[in-house]
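Q: Sharing a structure with you now.
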DNA sequence: TTGTAGGCGTTATCAA
DNA sequence: TTGATAACGCCTACAA
């Protein structure tokens with residue numbers, strides 16, 4: 001019992017006794033047994049990471065996030081379980097959850113979870129979350145395109161009603177308005193062939209000196225291909241800026257100028273936020289927007 | 001106690017009682033408490049994944065492996081901890097270990113581990129392991145190059161004394177010998193600029209109709225760049241085959257023909273093997289070589 | 001400030 | 001075949 005107190009409530013123990021106990025712990029290589037601790041505290045020392053979207057295993061975005069979470073966790077004797085199967089979600093035996101890919105329809109069961117939850121990705125339902133600062137990212141991209149004197153600045157967006165998309169568009173719109181320019185947004189499914197097709201179909205309408213600001217690297221890839229097919233010169237006559245900076249940006253030739261998300265760091269932060277929330281018995285943690293970074297590569301003038 | 005028996009030793013319980021208990025469990029939504037189980041069994045329900053190499057966080061190889069391990073684990077109520085810091089390895093509180101990046105000098109402390117260990121990567125120290133079948137992979141690559149009538153087939157290897165490299169070279173050598181051809185191996189550090197430099201320096205010595213079989217996609221990338229710089233035509237006059245198939249193969253232009261490792265699957269298999277070893281109280285599991293797949297893309301004739 | 005008793009949920013062991 | 005008891009290692013609550 002005294003040992004327990006030395007560890008958890010050292011202020012209740014006299015300095016001499018405390019030191020004695022600490023010496024003994026050192027000599028005996030004492031390590032608290034986490035299973036016993038878990039049992040007594042009604043804890044599991046496990047957190048679950050739920051990926052509610054279909055995981056395309058070739059897309060390293062979530063793997064990178066998982067890696068970050070694992071990193072953020074490993075100091076604290078906490079372990080991680082991955083849950084990808086939407087059908088039989090096993091939600092027992094965890095002290096908390098990190099959830100990504102949640103849609104509005106998931107609120108129902110998320111609200112019923114007994115343990116702390118942190119979301120990855122902006123949401124407007126009051127859940128604590130961490131995300132890239134999508135708005136800031138597209139602001140930076142748009143500002144940069146303006147600074148490089150491209151005349152026409154067009155946004156290629158993703159055709160979903162999700163906060164991340166609204167924020168990205170908002171970053172673009174706000175910046176253009178501030179410069180007295182009229183925003184021009186085209187939305188489509190998040191596939192490179194869709195943006196490729198769109199640009200090729202409308203090629204005549206795009207004057208030289210145009211930048212396509214894309215809501216994803218996938219769309220940006222398609223844009224690059226379409227411009228090249230139609231004989232446009234990148235980056236002199238046409239610029240492209242992507243968003244994400246995970247893997248795909250390097251697949252393009254030339255490599256994409258893109259708004260790069262710090263995905264590993266986001267994972268670490270998610271883990272820390274959840275651990276803190278658990279330690280504070282579920283206290284609200286608020287929202288955390290992490291600034292992304294505009295990475296200059298070959299698809300825009302520098 | 002009877003419930004415990006129904007779960008763990010059902011053969012010791014009469015069918016009627018067993019059914020009764022199972023009904024009750026269903027009605028009450030009974031879920032065994034894993035912390036209590038862990039305490040009683042002297043288990044932790046945690047396995048640790050040790051990455052002993054420096055993790056370049058932009059290289060998704062280990063992230064992919066981590067993802068695979070997490071997948072293989074999540075059925076079994078087992079959770080995962082990632083250990084990357086070689087300095088303060090925390091090796092307590094785990095039921096087993098998956099280790100990657102181990103060198104011969106690590107045997108000393110690995111031997112002292114009290115819990116089951118499975119290695120990722122070939123080793124010749126008798127540890128259970130799982131790996132890609134490196135030899136088979138390079139056999140396939142070499143056979144394919146021969147079948148496409150390239151005259152000269154050169155191996156660019158990595159300058160390390162590790163089993164995986166020996167196996168890859170062996171696959172190449174054996175195949176050439178079988179076809180009465182003389183192997184030609186050049187070893188260098190595993191960086192694209194090293195292979196690029198090597199080929200450029202020796203460009204005159206390479207006749208048309210040469211294939212470079214590379215021990216990694218990194219080396220293959222450099223080979224492609226060197227050939228292009230020197231005006232060689234890919235794949236008609238020069239072929240390149242890489243090894244790994246994680247991420248880098250898609251960065252090249254044209255995309256790499258490569259020997260693709262099933263990394264997610266390897267992770268899943270690692271998890272399963274370790275869980276089985278734990279269940280069998282540490283029984284030897286042997287070696288498992290998983291066949292890779294030659295992926296045909298743009299850097300060799302098809 | 002320190003020590004004692006009891007309980008967390010499971011399983012091994014032994015008794016019925 | 002089934003039930004009772006103790007033990008796993010820690011923590012809360014209370015007593016000294």
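Residue numbers (the UniProt record's numbering), protein chains in the order written: chain A, 1 to 302; chain B, 1 to 302. By construction, the Cβ of each residue, glycine as well, lies at the ideal position given by its N, Cα and C atoms.
Interface residues of chain B around residue 164/A at Cβ under 8 Å?
A: On the first chain, position 164 is the one that residue 164/A refers to. Chain B residues near residue 164/A: none, gap ~22 Å exceeds 8 Å.
Q: Output needed in chain order: residues of the UniProt domain "HTH lacI-type" (1 to 41) of chain B with a Cβ under 7 Å from some Cβ in chain A.
A: Cβ contacts with chain A: 31, 34, 35, 36, 38, 39.
Q: Distance check for residue 160/B and residue 102/B, CA to CA, integer angstroms please.
A: On the second chain, position 102 is the one that residue 102/B refers to. On the second chain, position 160 is the one that residue 160/B refers to. Cα to Cα, the separation comes out at about 13 Å.
Q: When you compare the CB of residue 70/B with every CB in chain A, is at least one pair closer than 8 Å?
A: In the second chain, counting from the first residue as 1, residue 70/B sits at position 70. True, the Cβ-Cβ gap to chain A drops below 8 Å.
Q: Going by other Cβ atoms of all chains shown within 10 Å of its Cβ, with 16 needed for buried, is residue 100/A buried or exposed?
A: Reading the first chain from its first residue, position 100 is the one you call residue 100/A. It is buried - the Cβ of residue 100/A has at least 16 other Cβ atoms within 10 Å.
Q: Which chain B residues are close to residue 60/A, counting only those with a beta carbon under 8 Å from its beta carbon?
A: As a first step, residue 60/A must be located in the first chain, where it is residue number 60. Per Cβ cutoff of 8 Å: 60, 63, 64, 247.
Q: Using the DSSP secondary-structure output, state which residues sit across from residue 240/B in a beta bridge.
A: The sequence position of residue 240/B within the second chain is 240, counting from 1. BP columns for residue 240/B point to 212/B.
Q: Listing by chain order, which chain A residues have their CB less than 9 Å from the CB of residue 83/B?
A: Stepping through the second chain from its first residue, residue 83/B is reached at position 83. Under the 9 Å cutoff, chain A gives 74.
Q: Can you tell me whether residue 63/A is buried or exposed? The criterion is at least 16 other CB atoms within 10 Å of its CB, across all chains shown.
A: By 1-based counting over the first chain, the position of residue 63/A is 63. It counts as buried.
Q: Could you tell me which residues DSSP puts in a beta bridge with residue 97/A?
A: Sequence index remark: in the first chain, residue 97/A carries index 97 (1-based). DSSP, once it has assigned bridges, lists 48/A, 117/A as partnering residue 97/A.
Q: What residue from 134/B, 187/B, 236/B has the CA that sits closest to residue 155/B's CA?
A: In the second chain, residue 155/B corresponds to position 155, counting from 1. If we check each option's Cα against that of residue 155/B, 187/B comes out closest.
Q: Compare the C-beta of residue 191/B with all C-beta atoms of chain A and state if any pair is closer than 8 Å.
A: Stepping through the second chain from its first residue, residue 191/B is reached at position 191. False, the Cβ-Cβ gap to chain A never drops below 8 Å.
Q: Is there a Cβ of chain A sitting closer than 8 Å to that of residue 92/B, yes or no?
A: Taking the first residue of the second chain as position 1, residue 92/B is located at position 92. Yes, residue 92/B lies at the interface with chain A (some Cβ there is under 8 Å from its Cβ).
Q: So what does DSSP say about residue 132/B, is it helix, strand or coil?
A: Stepping through the second chain from its first residue, residue 132/B is reached at position 132. Strand at residue 132/B.
Q: Check the C-beta distance from residue 277/B over to residue 285/B and give it rounded, since I have them as a contact under 8 Å.
A: One-based indexing of the second chain puts residue 277/B at position 277. One-based indexing of the second chain puts residue 285/B at position 285. About 5 Å; that satisfies the 8 Å criterion.
Q: Provide the residue(s) that pair with residue 156/B in DSSP beta bridges, ordered along the chain.
A: What you label residue 156/B is simply residue 156 of the second chain in a count that begins at 1. DSSP output for residue 156/B lists 186/B, 214/B as bridge partner(s).
Q: Can you confirm whether residue 285/A, when its beta carbon is compared against all beta carbons of chain B, has any partner nearer than 8 Å?
A: As a working mapping, residue 285/A is identified with position 285 in the first chain. No, its Cβ sits nowhere closer than 8 Å to a Cβ of chain B.
Q: Buried or exposed for residue 126/B, please, with buried defined as at least 16 other CB atoms from any protein chain shown within 10 angstroms of its CB.
A: The sequence position of residue 126/B within the second chain is 126, counting from 1. Exposed, by the Cβ-count rule.
Q: Alpha carbon to alpha carbon, what distance is there between residue 85/A and residue 274/A?
A: Translated into the one-based positions of the first chain, residue 274/A becomes position 274. Translated into the one-based positions of the first chain, residue 85/A becomes position 85. For residue 274/A and residue 85/A, the distance between alpha carbons rounds to 22 Å.
Q: With distance defined between alpha-carbon atoms, name the residue in 69/B, 21/B, 26/B nearest to residue 262/B.
A: By one-based count along the second chain, residue 262/B stands at place 262. Comparing Cα-Cα distances from residue 262/B to each of 69/B, 21/B, 26/B, the minimum goes to 69/B.
Q: Indicate the three-state DSSP secondary structure (helix, strand or coil) for residue 256/B in the structure shown.
A: Numbered from its first residue, the second chain carries residue 256/B at position 256. In the structure shown, residue 256/B sits in coil (DSSP, three-state: anything other than H, G, I, E or B).
Q: Tell me, please, whether the CB atom of residue 251/B is closer than 8 Å to any CB atom in chain A?
A: By 1-based counting over the second chain, the position of residue 251/B is 251. Yes, residue 251/B counts as interfacial toward chain A.
Q: I need the straight-line Cα distance from residue 210/B to residue 166/B, nearest angstrom please.
A: Here residue 210/B refers to the residue found at position 210 when the second chain is read from its first residue. Here residue 166/B refers to the residue found at position 166 when the second chain is read from its first residue. Going by the C-alpha atoms only, they are around 23 Å apart.
Q: Exposed or buried, which one is residue 305/A when buried takes at least 16 other CB atoms within 10 Å?
A: Outside the shown range of chain A, which is 1 to 302, sits residue 305/A, and nothing can be said about it.
Q: For residue 303/A, which three-state DSSP category applies?
A: Given a span of 1 to 302 for chain A in the structure shown, any question on residue 303/A remains unanswerable.
Q: For the stretch 170 to 179 of chain B and the stretch 189 to 199 of chain B, state whether three or more C-beta atom pairs, one from each stretch, are separated by less than 8 Å.
A: These segments do not touch.
Q: Alpha carbon to alpha carbon, what distance is there between residue 108/B and residue 279/B?
A: If you number the second chain from 1, residue 279/B lands on position 279. If you number the second chain from 1, residue 108/B lands on position 108. Computed Cα separation, rounded: 25 Å.
Q: On the three-state DSSP scale, how would you describe residue 81/A?
A: The residue labelled residue 81/A in the question sits at position 81 within the first chain. It is a strand residue.
Q: Who are residue 295/B's beta bridge partners in DSSP?
A: Counting from 1 along the second chain, the entry for residue 295/B is found at position 295. According to DSSP, which records beta bridges pairwise, residue 295/B is partnered with 258/B.
Q: Would you decide whether residue 231/B is buried or exposed? Buried here means 16 or more other CB atoms lie within 10 Å of its CB.
A: Here residue 231/B is taken as the residue at index 231 of the second chain, counted from 1. With fewer than 16 other Cβ atoms within 10 Å, it is exposed.
Q: For residue 196/A, which residues in chain B fall below 7 Å Cβ to Cβ?
A: Locating residue 196/A in the first chain gives position 196, counting from the first residue. Under the 7 Å cutoff, chain B gives no residues; its nearest Cβ is about 16 Å from residue 196/A.
Q: So the alpha helix (DSSP H) residue 287/A belongs to, where does it begin and stop?
A: Taking the first residue of the first chain as 1, we reach residue 287/A at position 287. Run containing residue 287/A: none in the alpha helix (DSSP H); it sits in the beta strand (DSSP E), 287 to 290.
Q: What whole-angstrom Cβ distance do residue 308/A and residue 60/A have, given they're in contact under 8 Å?
A: Outside the shown range of chain A, which is 1 to 302, sits residue 308/A, and nothing can be said about it.
Q: I'd like the ranges of any beta strand (DSSP E) spanning at least 3 consecutive residues and lying wholly in the stretch 2 to 73 of chain A.
A: The stretch 2 to 73 of chain A contains these whole beta strand (DSSP E) runs: 46 to 51.
Q: Rounded to the nearest angstrom, what separates residue 305/A and residue 80/A at their Cα positions?
A: Nothing can be reported for residue 305/A, as the shown portion of chain A is limited to 1 through 302.
Q: Out of 212/A, 203/A, 201/A, 17/A, state which residue places its alpha-carbon closest to the alpha-carbon of residue 185/A.
A: The residue labelled residue 185/A in the question sits at position 185 within the first chain. Answer by Cα proximity: 212/A.
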